[in-house]
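Residue numbers (my numbering), protein chains in the order written: chain A, 1 to 276; chain B, 1001 to 1353.
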């Protein structure tokens, strides 16, 4: 009665998108009039060069950053008019700068994922316990449950944070650069977990630096450049040599990975520093 | 390594789950034990401060006098002097303890207590001004509240509108210094009589406070303590980064504002009763966390620790060098400083608050 019943309870595939969204910090406009739909039930990767606005877009989608104009639409309703607690039932976020109080253990962190469901009169329920255990299990952290977060490796810590968002039991999951600062092995570990979660029915949106990883693990790619979406679609369909050049200023040859068909970048040469 | 729990972690480790009347409450075992210890100690100190003194009464005499029986002098002594003083100490200590705990959590910094941010100094400066410089018809608690609000607004506003990191604290220290200087300036410029009248405001003392200020404090505490307790969970989330807290459904801005308002109310009304005994707001939450463990935000235990520290310090100040009375603020500085150092130095790792 664990996985299936729970999946049945969450609304199937809430939609997330933006309408003419403008975002910025202070004087600086980062995104201006962006409209996008996140495909439900899939892994969407937002890629682009540094400063292209991909993390800003994710912050907007997660209501961390209030729009200058336009709106983020969750199930067709403006996310900033909804109670933030209600939003937290549908949408979980793992920010890039996630920091926790010192000494917190893995299990305690995961328990915080149940926060949106707890209240003064209902502080803990068997369902909370069950979901925390399920999150520990899904992220294979059972053996580390009592370890303090600061005693974990980078990959384990990232898994613990993802476990917290899993415990939030939301159909939507937003991850901001979940693999940055991780070595190859830990990157793969985290990305496989993301794929696994998507197979269980979650809609995942992640900002990711590494284009090859994005191609390999995402069903849908959003390529951003200077605050605008310049390409969108299946990685195999949209990633071309021309796109790579436009995004990163890198001339390259694209090969296709055997098996998955994901585009692979070889022979990259920067065109920024070479004289014309 | 401990085995991963499957059945025992039905309830979060270290907690009891109480389920009366269809609601479910999580009670931290260590928190409850700490509360009982603090309560017992506060009770002992209370009994002590009611009995010991000139004259020293037996507990039976205290009880009799409390209900108006026995020697009329004892009745007067107890009902007019010792009991109001004890109440003032317990309440102001509790308020300062909670205020300290809230502001520390808000700023995610243990240094950020109302005393250090200048809220105490603001309250004092305004109250002293009303005595020596600008006569008004406003009651001291109102003025203290005005001053505390002004100081908090200045620290918060000039600190960049946020309460994070050192900027808020440094600005707060500057604001406090400014109000402190203002207080000293006013005292230096005024007549000796007026300065004497204002003196208790500047050192922290439970001596001869108007009963009305104590009642105001009691009402304020009665209103603010449940609010602080209800905010408890959200407070825990403020210890994470903002994005995490928002992601978990916390209205960060509203929570912060509520904390700030509650802190200012508690601190101002406490300062109106006891003067700027700023160290209580630093030491009490530290003591509560020390006893409770570093995981949560110990609101109730900070209140209990504050009440205990304040009454204990006052009792010592009143009796140790009798008949000379040492102001409670001086005692808290003498005892609280080293105690704080001891806690900080013996801790293997710094808790994140």
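Each residue gets a CB set at the ideal place from its N, CA and C atoms; glycine is no exception. Bear in mind the structure is a predicted one, so any value in this text is a computation, not a measurement.
Should residue 25/A go down as buried or exposed, given a rule of 16 or more other Cβ atoms within 10 Å for buried? exposed
Neighbour-count burial assignment, residue 1196/B, 16 or more Cβ in a 10 Å radius: exposed
Residue 1297/B in three-state terms, based on DSSP: In the structure shown, residue 1297/B sits in coil (DSSP, three-state: anything other than H, G, I, E or B).
Secondary structure of residue 1275/B, DSSP reduced to three states: Three-state DSSP puts residue 1275/B in coil, outside helix and strand.
Could you list the residues in the segment 37 to 70 of chain A with a C-beta less than 9 Å from some C-beta on chain B, going in chain order? 59, 62, 63, 64
Within 8 Å (strictly less), CB to CB, does residue 1288/B reach chain A? It does not: the Cβ of residue 1288/B has no partner Cβ on chain A nearer than 8 Å.
Taking the beta carbon of residue 1028/B as the centre, do at least 16 other beta carbons fall within 10 Å, making it buried, or is it exposed? Under this definition residue 1028/B is a buried residue.
Chain B contact for residue 306/A (CB, 8 Å cutoff): A question about residue 306/A goes unanswered here, because the residues of chain A that appear run from 1 up to 276.
Within 8 Å (strictly less), CB to CB, does residue 1157/B reach chain A? no
For residue 25/A, which residues does DSSP report across the bridge? 28/A
Within-8 Å CB hit, residue 87/A to chain B: Cβ-Cβ to chain B under 8 Å: yes for residue 87/A.
Exposed or buried, what is residue 1341/B when buried is set at 16 or more other beta-carbons lying within 10 Å of its beta-carbon? exposed
Proximity below 8 Å, CB of residue 15/A to CB of residue 218/A: no
Is the beta carbon of residue 17/A less than 8 Å from the beta carbon of residue 47/A? no
Between which two residues does the beta strand (DSSP E) harbouring residue 285/A extend? Lying before the first or after the last residue shown, residue 285/A is absent from chain A, which here runs from 1 to 276.
Of all the residues that make up the segment 1041 to 1069 of chain B, which are near chain A by a beta-carbon distance shorter than 8 Å? Correct list: empty, as no residue qualifies.
What separation, rounded to the nearest whole angstrom, lies between the Cα atoms of residue 1322/B and residue 1314/B? 12 Å
Are any of the Cβ atoms in chain E nearer than 8 Å to that of residue 84/A? No chain E is present in this structure, whose protein chains are A and B.
I want to see whether chain B comes within less than 8 Å of residue 78/A, judged by CB atoms only; does it? no
Run through DSSP, which three-state label would residue 1024/B get? strand
If distances are taken between C-alpha atoms only, which option among 1014/B, 1149/B, 1099/B, 1087/B comes closest to residue 108/A? Nearest of 1014/B, 1149/B, 1099/B, 1087/B to residue 108/A, Cα basis: 1014/B.
Test: residue 268/A CB closer than 8 Å to a CB of chain B: no
Under 7 Å from the C-beta of residue 120/A: neighbouring residues of chain B: What residue 120/A touches in chain B: 1230.
Three or more C-beta pairs below 8 Å linking the segment 152 to 169 of chain A and the segment 178 to 198 of chain A: Under the 8 Å Cβ criterion, the segment 152 to 169 of chain A counts as touching the segment 178 to 198 of chain A, having at least three qualifying pairs.
With distances taken from CA atoms, which of 253/A, 81/A, 89/A is nearest residue 242/A? 253/A
Residue-level contact to chain B via CB, residue 6/A, 8 Å cutoff: For residue 6/A, the predicted structure reports a pLDDT of 42, less than 50, and the residue's modelled location is therefore unreliable. A value from the coordinates is still provided. Answer no: the Cβ-Cβ gap between residue 6/A and chain B never drops below 8 Å.
Would you check if the distance between the CB atom of residue 1230/B and the CB atom of residue 84/A is smaller than 8 Å? no
Run down chain B in chain order and give the residues with a C-beta less than 7 Å from the C-beta of residue 93/A. 1243, 1247
Would you call the CB atoms of residue 1397/B and residue 1291/B closer than 8 Å? With chain B covering only 1001 through 1353, there is no way to say anything about residue 1397/B.
Do you know offhand how far residue 1120/B's Cα is from residue 1041/B's? 27 Å
Hey, how far is the Cα of residue 1237/B from the Cα of residue 1329/B? 33 Å
In the DSSP assignment, what are the bridge partners of residue 256/A? Looking at the DSSP assignment, residue 256/A forms a beta bridge with 263/A.
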